[in-house]
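Data block below; observations after.
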């Protein structure tokens, strides 16, 4: 992505490419999981880079460039792609709580659940399908925090909401995913304490 | 806290994501010893976070995307470059005249030459006196955000819900603030007070010396007073937000505190 410009422009371009281009895969993953269409995802990523380049002076060296780019990407997504009215029907919070409570079976007290366990390692397209079924306001924090590794604070900035809202949406999103994936979870070894 | 009948709910996630202090973590561990339901729920949350989502494969980036991005950036570079051919075209007319014209253009166009606090105060006065019309009158914040997106505001706008503070949304307009495209939206508050908010892409640092600086929840607020109007500016990412009102100064500042988001 080299360019032949005057020295100032060339320097800015080189600095931008060095900082931003390594995150193209992350941006595309997120864009694809937000839009569900490869053409829209590519357009969204291209627009994100263009907007980021034009406002590169606003990026502070030493801060998380991926979080900054994802903030721009989500802003464009909200303005151009999201159709807020098309929210998939979701069970009420109370229903979700009840089902999650029921399905998250009490584990063997001998299992130390405070440490990382190695349940299952198979990937199934069911996870992708379940993620797609999440309403966008729950899916976005899951994408940013659990998949792209942003902090709650960075995700709050990207989503334009309070840190507490990120936490509560993430909580609902994770519980919803577990409810949708319960069969796969148990097949993959969830609840057995040891890797299969 | 350790009563198994009181399940932990959201605290389990805060424990999982390491967002609790040491004392609270110890309380959660003690609770987990006695509460199999919470252990099960913690396992479920951990499975989703560490297994299901971490196993998702990357979606292959289309082969042409990097090239498309490069072309778009090239185009942006060309637009950003000074119009060199015009300099040559006008060389015969006289370099001094051209420099003077360029200086005049810069004087008019440069954002730093526009006193934005005064401009915002003027906009507030014009809105309050009915000389600045709104493009859309509605109390629906989403409708105003959609208006901004549809009419070319390229950054994400947040039309605040100030109902708790007794300010009702009146509507919004696409505006110009100096050289910036601005999303302007207005509220009607207690005793008929007007409140105008504007958002634009820019830098807080480029504003003139404020009359007052406040720090709240890690956010810097620059406060200006122009006549009876209080203006409170703060930065959210690439966007500068400003609230303007002739309400009591501390009221305007508190409204800004309530709605600012740290970026």
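Residue numbers (our numbering), protein chains in the order written: chain A, 87 to 282; chain B, 199 to 461. We put the CB at the ideal spot given by N, CA and C, even for glycine. Predicted, not measured: the structure shown is a model, and the values here were computed from it.
Residue i by DSSP, collapsed to three states: which one?
| i | result |
| --- | --- |
| residue 413 of chain B | strand |
| residue 333 of chain B | coil |
| residue 449 of chain B | helix |
| residue 396 of chain B | strand |
| residue 237 of chain A | coil |
| residue 383 of chain B | strand |
| residue 266 of chain A | helix |
| residue 456 of chain B | helix |
| residue 284 of chain A | Past the boundaries of the shown model lies residue 284 of chain A; chain A is included only from 87 to 282, so the question cannot be answered. |
| residue 116 of chain A | helix |
| residue 355 of chain B | coil |
| residue 223 of chain B | helix |
| residue 86 of chain A | Nothing about residue 86 of chain A can be reported from this structure: the residues present for chain A run from 87 to 282 only. |
| residue 165 of chain A | helix |
| residue 402 of chain B | helix |
| residue 461 of chain B | coil |
| residue 408 of chain B | coil |
| residue 205 of chain B | coil |
| residue 229 of chain A | helix |
| residue 99 of chain A | helix |
| residue 390 of chain B | helix |
| residue 350 of chain B | coil |
| residue 218 of chain B | coil |
| residue 273 of chain A | helix |
| residue 360 of chain B | coil |
Strictly by DSSP, which residues pair up with residue i?
| i | result |
| --- | --- |
| residue 422 of chain B | B/429 |
| residue 220 of chain A | According to DSSP, residue 220 of chain A bridges with nothing at all. |
| residue 378 of chain B | B/375 |
| residue 369 of chain B | B/335 and B/384 |
| residue 434 of chain B | B/437 |
Quick one, are the C-beta atoms of residue i and residue j less than 9 Å apart?
| i | j | result |
| --- | --- | --- |
| residue 256 of chain A | residue 216 of chain A | no |
| residue 376 of chain B | residue 345 of chain B | no |
| residue 373 of chain B | residue 338 of chain B | no |
| residue 453 of chain B | residue 360 of chain B | yes |
| residue 407 of chain B | residue 440 of chain B | no |
| residue 162 of chain A | residue 137 of chain A | yes |
| residue 460 of chain B | residue 415 of chain B | yes |
| residue 325 of chain B | residue 384 of chain B | yes |
| residue 252 of chain A | residue 250 of chain B | no |
| residue 153 of chain A | residue 236 of chain A | yes |
| residue 229 of chain A | residue 120 of chain A | yes |
| residue 160 of chain A | residue 102 of chain A | no |
| residue 58 of chain A | residue 185 of chain A | Examination of residue 58 of chain A is not possible in this model, given that chain A is present from 87 through 282 alone. |
| residue 319 of chain B | residue 390 of chain B | no |
| residue 392 of chain B | residue 443 of chain B | yes |
| residue 400 of chain B | residue 438 of chain B | yes |
| residue 355 of chain B | residue 347 of chain B | yes |
| residue 434 of chain B | residue 246 of chain A | yes |
Grab the span of the beta strand (DSSP E) containing residue i for me, first residue to last.
| i | result |
| --- | --- |
| residue 442 of chain B | 437-443 |
What residue does the alpha helix (DSSP H) around residue i start on, and which one ends it?
| i | result |
| --- | --- |
| residue 247 of chain A | Element bounds for residue 247 of chain A: n/a, residue is neither H nor E. |
| residue 135 of chain A | 124-140 |
| residue 325 of chain B | 314-326 |
| residue 160 of chain A | 151-162 |
| residue 190 of chain A | Neither: residue 190 of chain A is in no alpha helix (DSSP H) and is coded neither H nor E. |
| residue 267 of chain B | 263-278 |
| residue 212 of chain B | 208-214 |
Discussion item. Ignoring anything shorter than 4 residues, give me the alpha helix (DSSP H) runs that lie fully in the region 230-260 of chain B, in order along the chain.
Written reply: 234-244
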